[in-house]
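See below for the structure under consideration.
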Amino acid sequence: MSEFKLDFQDTATAFADKSDAELREKYRLFKMLNSPFLNAVGTRAAKFALALGLPVEGLIKSTIFEQFCGGETIQECDPAIDRLARAGIGTILDYAIEGRSTEQDFDKTRDEIIRTIERAKNDPKIPFAVFKVTGIAPLGTLEKISHKKKLDAKGQAKCERIHTRVNEICEVAHSLGQPVFIDAEESWIQDAIDHLATDMMAKYNRQQAIVYNTLQMYRPDRLQYLKDSRREAHSAGYILGVKLVRGAYMEKERERAEESGYESPIHPDKKGTDRDYNAALEYCVDHLDDLAFVAGTHNERSTQLLAQMMHQRGLAHNHPQIFFSQLYGMGDNLSYILAKHGYNVSKYVPYGPVADAVPYLIRRAQENSSAAGQVSRELDLITSELARRRLA
Ligand SMILES: Cc1cc2nc3c(=O)[nH]c(=O)nc-3n(C[C@H](O)[C@H](O)[C@H](O)COP(=O)(O)OP(=O)(O)OC[C@H]3O[C@@H](n4cnc5c(N)ncnc54)[C@H](O)[C@@H]3O)c2cc1C
Numbered sequence: 063m064s065e066f067k068l069d070f071q072d073t074a075t076a077f078a079d080k081s082d083a084e085l086r087e088k089y090r091l092f093k094m095l096n097s098p099f100l101n102a103v104g105t106r107a108a109k110f111a112l113a114l115g116l117p118v119e120g121l122i123k124s125t126i127f128e129q130f131c132g133g134e135t136i137q138e139c140d141p142a143i144d145r146l147a148r149a150g151i152g153t154i155l156d157y158a159i160e161g162r163s164t165e166q167d168f169d170k171t172r173d174e175i176i177r178t179i180e181r182a183k184n185d186p187k188i189p190f191a192v193f194k195v196t197g198i199a200p201l202g203t204l205e206k207i208s209h210k211k212k213l214d215a216k217g218q219a220k221c222e223r224i225h226t227r228v229n230e231i232c233e234v235a236h237s238l239g240q241p242v243f244i245d246a247e248e249s250w251i252q253d254a255i256d257h258l259a260t261d262m263m264a265k266y267n268r269q270q271a272i273v274y275n276t277l278q279m280y281r282p283d284r285l286q287y288l289k290d291s292r293r294e295a296h297s298a299g300y301i302l303g304v305k306l307v308r309g310a311y312m313e314k315e316r317e318r319a320e321e322s323g324y325e326s327p328i329h330p331d332k333k334g335t336d337r338d339y340n341a342a343l344e345y346c347v348d349h350l351d352d353l354a355f356v357a358g359t360h361n362e363r364s365t366q367l368l369a370q371m372m373h374q375r376g377l378a379h380n381h382p383q384i385f386f387s388q389l390y391g392m393g394d395n396l397s398y399i400l401a402k403h404g405y406n407v408s409k410y411v412p413y414g415p416v417a418d419a420v421p422y423l424i425r426r427a428q429e430n431s432s433a434a435g436q437v438s439r440e441l442d443l444i445t446s447e448l449a450r451r452r453l454a
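Whatever position you read off the sequence shown (first residue = 1), add 62 for the numbering used here.
Written as structure tokens, this is what we have:
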């Protein structure tokens with residue numbers, strides 16, 4: 063079978079809708095993020111200033127927020143949605159609120175997530191919705207459930223409210239035929255999230271994949287979990303929805319494991335994560351009778367590999383059960399080039415009040431720091447495009 067290659071270095075396509083000024087701005091930001099010193103100082107200063115109530119929101123909004131978020135409200139995201147749609151890329155509205163803790167906050171967040179699903183309804187520009195269980199549930203309860211700890215009456219009531227909120231979201235998604243992803247989070251609460259996701263899939267994925275669980279392939283146990291989940295779905299008669307990612311909490315996971323004296327639940331090296339990620343892609347491509355899946359990645363090799371596997375199996379680029387996805391402001395070379403070749407591709411477009419988006423922005427900042435062990439591929443691509451436009 064012939065080799066099939068997409069040219070992800072085609073920066074002219076990747077940045078076609080960026081003006082020279084926007085590209086220069088992007089360069090300045092990624093250059094700053096790439097410096098471990100400026101990155102560390104910037105993220106600490108932002109946290110500190112916000113904690114003190116200093117007026118830094120404007121500065122954050124016009125710099126890093128603008129690069130990685132669509133706006134503060136669903137409506138403010140409209141220009142980003144339209145811009146992506148013009149390139150054939152879908153939007154996934156991601157209400158980026160973290161660290162809330164009251165039952166009223168959780169209800170408000172549930173209502174906002176439902177609004178994103180309603181906004182997506184019948185709009186081909188928004189193929190998926192997404193939510194994090196920690197946005198609608200207390201961490202402590204999720205942890206207790208994950209560790210199979212006995213809950214008192216109050217804990218039991220909280221647990222029931224979590225289930226009700228998750229069900230309310232998935233029920234709306236199902237009634238509107240609008241697929242929804244459930245993000246994966248820290249390993250010590252993930253069992254509770256997996257149970258909820260499995261419950262929802264068994265209920266709402268009878269005809270098509272409406273609910274998608276997320277698997278972090280930096281965990282060595284996840285490949286087997288994927289296979290077990292597929293078998294469970296098959297025997298119970300529902301379609302497995304799965305989003306494959308490498309995992310965003312590696313440092314936190316390792317620190318906690320070390321502090322608490324248990325073995326880290328993360329692969330000891332990147333090679334192991336990459337191997338399992340690619341094996342999971344292959345497993346999914348070979349089990350399309352039972353599942354639909356999303357490759358949530360900025361990794362060029364994995365993306366190329368999936369395109370190659372689809373080609374080898376004679377699968378259409380826009381196969382209705384295979385999706386590619388990246389985050390807004392990152393991996394544009396993948397998103398724009400995949401879209402140009404007719405693949406199903408969408409981007410998470412986070413939105414929400416600036417102060418609430420800070421934990422999300424810090425994760426993106428850390429990912430793009432050279433301290434993360436790699437020279438920023440984003441910076442490389444922007445630099446090439448500036449040179450191609452003779453702006454460097
Ligand atoms: C659309 C989308 C949705 C996402 N949803 C989630 C989600 O729900 N939950 C979540 O946790 N993350 C999520 N992420 C983030 C994701 O998990 C990764 O952090 C991010 O995409 C970087 O990984 P990569 O596949 O792009 O590739 P790469 O940049 O090639 O890989 C980086 C990743 O490899 C792993 N890694 C790096 N070094 C090592 C090492 N020394 N040992 C072992 N592993 C290592 C880590 O997972 C790291 O993030 C999402 C990403 C996208 C694009």
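Beta carbons: idealized from backbone N, C-alpha and C, even for Gly.
A quick note: this is a predicted structure, and the numbers were derived from the prediction, not measured.
Check: Simplified DSSP state of Gly435, which is helix, strand or coil; Outcome: A caution first: Gly435 carries a pLDDT of 47, below 50, which makes its placement in the model unreliable, though a value can still be read off. Residue state, collapsed to three classes: coil.
Check: Check: Thr153 C-beta below 6 Å from any heavy atom of ligand 1; Outcome: no
Check: Asp256 in three-state terms, based on DSSP; Outcome: helix
Check: Contact test: Ser387 Cβ vs ligand 1 heavy atom, cutoff 6 Å; Outcome: yes
Check: DSSP state of Gly3 mapped onto helix, strand, coil; Outcome: The shown model of the chain, from 63 to 454, leaves out residue 3, and the question about it has no answer.
Check: Closest Cα partner of Leu68 within the set Met372, Ala449 and Leu121; Outcome: Met372
Check: Proximity to Leu80 [Cα-Cα], best of Asp394, Gly414 and Ala454; Outcome: One detail in the question is off: residue 80 reads as Lys in this sequence, not Leu. Of the listed residues, the one whose Cα sits closest to Lys80 is Asp394.
Check: Assigned exposure category for Leu116 - 16 Cβ within 10 Å defines buried; Outcome: exposed
Check: Coil, strand or helix - Ala76 by DSSP; Outcome: helix
Check: Buried versus exposed, by CB contacts within 10 Å (16 or more), Thr164; Outcome: exposed
Check: Per-residue DSSP class, three states only, for Thr153; Outcome: strand
Check: Arg439 versus Arg452 - alpha carbon distance; Outcome: 20 Å
Check: beta-carbon Tyr410 near ligand 2 non-hydrogen atom, thresh 6 Å; Outcome: Here the bound small molecules are ligand 1; ligand 2 is not part of this structure.
Check: Cβ distance (whole Å) where Leu367 is taken to contact Ala342 below 8 Å; Outcome: Their Cβ separation, rounded to whole angstroms, is 11 Å, which puts Leu367 and Ala342 out of contact at 8 Å.
Check: Nearest-angstrom Cα separation, counted from Ile444 out to Arg450; Outcome: 10 Å
Check: For Glu84 and Pro141, the rounded distance between their alpha carbons; Outcome: 15 Å
Check: Exposure label - Gly404; buried when at least 16 CB within 10 Å; Outcome: exposed
Check: Contact between the segment 284 to 304 and the segment 316 to 331 (3+ Cβ pairs under 8 Å); Outcome: no
Check: Helix, strand or coil at Ile244 [DSSP, three-state]; Outcome: strand
Check: For Gly414, the three-state DSSP class (helix, strand or coil); Outcome: coil
Check: C-alpha distance - Gly273 paired with Ala454, whole-angstrom precision; Outcome: Per the sequence shown, the amino acid found at residue 273 is Val instead of Gly. Going from the Cα of Val273 to the Cα of Ala454 covers about 45 Å.
Check: Cutoff 6 Å; reference Tyr398; Cβ partners in own chain excluding five residues on either side; Outcome: Thr75, Ala76 and Ala149
Check: Burial state of Arg426 (16 or more Cβ within 10 Å); Outcome: buried
Check: Contact test: Ala246 Cβ vs ligand 1 heavy atom, cutoff 6 Å; Outcome: yes
Check: Of the residues Asp352, Gly104 and Asn101, the one placed nearest Ala295, counting alpha carbons only; Outcome: Asp352
Check: Selected residue, minimal CA-CA separation from Lys409, among Gly391, Tyr422, Asp418 and Val420; Outcome: Gly391
Check: Same chain, Cβ closer than 8 Å to Arg316, neighbours up to 5 away in sequence not counted; Outcome: Ser326 and Ile328
Check: Where Ala107 falls, given that 16 or more other Cβ within 10 Å makes a residue buried; Outcome: exposed
Check: CA-to-CA distance, Pro421 to Glu230, given in whole angstroms; Outcome: 26 Å
Check: Sequence-distant residues of its chain with Cβ nearer than 8 Å to Leu285 (five each side left out); Outcome: Met279, Asp338, Ala341, Ala342 and Tyr345
Check: Contact between the segment 168 to 184 and the segment 93 to 104 (3+ Cβ pairs under 8 Å); Outcome: no
Check: Inter-residue spacing [alpha-carbon to alpha-carbon] between Leu350 and Arg375; Outcome: 12 Å
Check: Proximity winner among Lys194, Ile143 and Asp253, relative to Val411 (alpha-carbon distances); Outcome: Ile143
Check: Buried versus exposed call for Pro415 [16 or more other C-beta atoms within 10 Å across all chains shown]; Outcome: exposed
Check: Secondary structure, beta strand (DSSP E): runs of 3+ residues fully inside the segment 104 to 146; Outcome: none
Check: Counted within 10 angstroms of its Cβ, other Cβ atoms place Ser249 as buried (16 or more) or exposed; Outcome: buried
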